[in-house]
Amino acid sequence: MTRAIALFVGLTLVGLFALLNWNTFVTPQPLSLGFTTVDAPLGLVMLAIVGFLSVLFIVWAMTMQAGALMESRRLAKELQSQRELADKAEASRFTELRNFLTAELQTVAVSQDQTRALLVSRLDRAQESARAAQEETANTLSAYIGELEDRLERAQVVPAQYERTDTLARR
């Protein structure tokens, strides 16, 4: 923007200078073109060259600006399409992650169920084993006590009031 203002101010000063010295600008002078000489107003020729170069520069600047705008729009569209592609890829990754986590959680749940079933069966076996050991111990203890009572009865160390109740049932 500042360049355009500087160019406008410069062209305005050249135009003002030409207007103030208009008589000198239009006075014909002999001009050498290299192979011939021509009588023409030097100021007008120089003013025409400056005007032509200014128009040429303005056209060039507008072309550059238009090209930059077109490139900017193209890049914006490409950026938008890349952003949409990235969003789709991100959504795809999230879907893939969700599916993976679901599968892993199902695997963990199955493993947990298997572990629970194994643990319950082991506990049942341990409980059954403990019950069998307890019954065996109780039977062994009863047998020892019974054997002791029999020995004591044979030795007649046990008074009659302490007789076994199961011996009464046998009689």
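Numbering (our numbering), first residue to last: 626 to 796.
Where a beta carbon is used, it is the ideal one built from N, C-alpha and C, also for glycine.
Residue from the options whose Cα sits closest to the Cα of residue i
{"i": "Thr652", "options": "Arg741, Leu658 and Asp664", "result": "Asp664"}
{"i": "Gly676", "options": "Leu766, Leu638 and Phe719", "result": "Leu638"}
Helix, strand or coil at residue i according to DSSP, with G and I counted as helix
{"i": "Gln690", "result": "helix"}
{"i": "Gln781", "result": "coil"}
{"i": "Thr661", "result": "coil"}
{"i": "Met671", "result": "helix"}
{"i": "Arg795", "result": "Low per-residue confidence applies at Arg795: pLDDT is 48, beneath 50, and the placement is therefore not dependable, though the value from the model is reported in the following sentence. Correct three-state label for Arg795: helix."}
Rounded distance between the beta-carbons of residue j and residue i, thought under 8 Å
{"i": "Pro666", "j": "Phe650", "result": "6 Å"}
{"i": "Pro655", "j": "Thr662", "result": "5 Å"}
{"i": "Leu710", "j": "Ser679", "result": "Actually they do not touch by this definition, with Cβ atoms about 46 Å apart."}
For the region 703–722 against the region 670–683, do three or more pairs of beta-carbon atoms, one drawn from each stretch, fall closer than 8 Å, so that the two count as touching? Look at the beta carbons and you see the region 703–722 not touching the region 670–683: under three pairs across the two are nearer than 8 Å.
Entirely within the region 691–771 and at least 4 residues each: give me those alpha helix (DSSP H) ranges in chain order. For the alpha helix (DSSP H) assignment, the region 691–771 encloses no uninterrupted run of at least 4 residues.
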